[in-house]
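The next block holds one structure in the form of structure tokens; read it before the comments.
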């Protein structure tokens, strides 16, 4: 059927958007599969948390130049051993990117504040937003693969990011916690053990 140039442009734009969504879903599923491997099959090495975070932030800003990111590194983490962990660089960056993008997506100001500190046996990272918050009934299910809570109308997604992030953190013998207040925002906290604590 003949269509105007404007109609064809809309159709092509929609097709391109659908292709990009499929690509993102496909990549997320591949990462999910990688994070499901036996830990003995994944390469781990000494990594600096500050460098991982900076690389993740750069990756997010390249894809979303309008996002605003604040990073605070506790001065007490200046010591090389205090700021280092043993992990898989690629997978940890995937987890950090997911958490940063989530914070920005669900905030009107598109901002994520990231803070790091040491608890002695672990490094603690917090990803904070001033967004819409998470409904109490959704909090217990947000790490379930493909689950999308009541906030799904606010932003697009496929429900894999948070479950993938949790799987990656658990693979690194860490833990991920969340606290959220409706209309005020959410904080995702990650605790990753220092090499000496493993």
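Residue numbers (our numbering): 5 to 202.
From the three backbone atoms N, C-alpha and C, an ideal C-beta is built for every residue, glycine too.
Nonlocal neighbours in the same chain, by C-beta distance under 6 Å from residue i, ignoring five residues either side
{"i": "residue 117", "result": "74 and 132"}
Beta-bridge pairing of residue i - partner residues as DSSP gives them
{"i": "residue 189", "result": "185"}
{"i": "residue 57", "result": "The partner list for residue 57 (beta bridge, DSSP) is empty, contrary to what the question assumes."}
{"i": "residue 6", "result": "BP columns for residue 6 are empty, so no partner."}
{"i": "residue 74", "result": "117"}
{"i": "residue 180", "result": "194"}
Local conformation of residue i per DSSP, three classes
{"i": "residue 165", "result": "helix"}
{"i": "residue 69", "result": "coil"}
{"i": "residue 197", "result": "strand"}
{"i": "residue 11", "result": "helix"}
{"i": "residue 84", "result": "coil"}
{"i": "residue 46", "result": "coil"}
{"i": "residue 89", "result": "strand"}
{"i": "residue 146", "result": "coil"}
{"i": "residue 173", "result": "helix"}
{"i": "residue 16", "result": "helix"}
Residue span of the beta strand (DSSP E) that contains residue i, given as start and end
{"i": "residue 131", "result": "126-132"}
{"i": "residue 118", "result": "115-122"}
{"i": "residue 51", "result": "49-52"}
Endpoints, alpha helix (DSSP H) assigned at residue i
{"i": "residue 109", "result": "93-109"}
{"i": "residue 143", "result": "140-143"}
Other residues of its chain near residue i: CB distance less than 8 Å, five sequence neighbours each side excluded
{"i": "residue 93", "result": "49, 51 and 56"}
{"i": "residue 123", "result": "195"}
Test item: CB-CB of residue i and residue j under 8 Å
{"i": "residue 137", "j": "residue 91", "result": "no"}
{"i": "residue 120", "j": "residue 198", "result": "no"}
{"i": "residue 168", "j": "residue 102", "result": "yes"}
{"i": "residue 104", "j": "residue 64", "result": "yes"}
{"i": "residue 164", "j": "residue 180", "result": "no"}
{"i": "residue 184", "j": "residue 129", "result": "no"}
{"i": "residue 77", "j": "residue 196", "result": "no"}
{"i": "residue 85", "j": "residue 60", "result": "no"}
{"i": "residue 53", "j": "residue 127", "result": "yes"}
{"i": "residue 166", "j": "residue 95", "result": "no"}
{"i": "residue 113", "j": "residue 83", "result": "no"}
Contacting residues, own chain, Cβ-Cβ under 7 Å from residue i (five flanking each side not counted)
{"i": "residue 47", "result": "92"}
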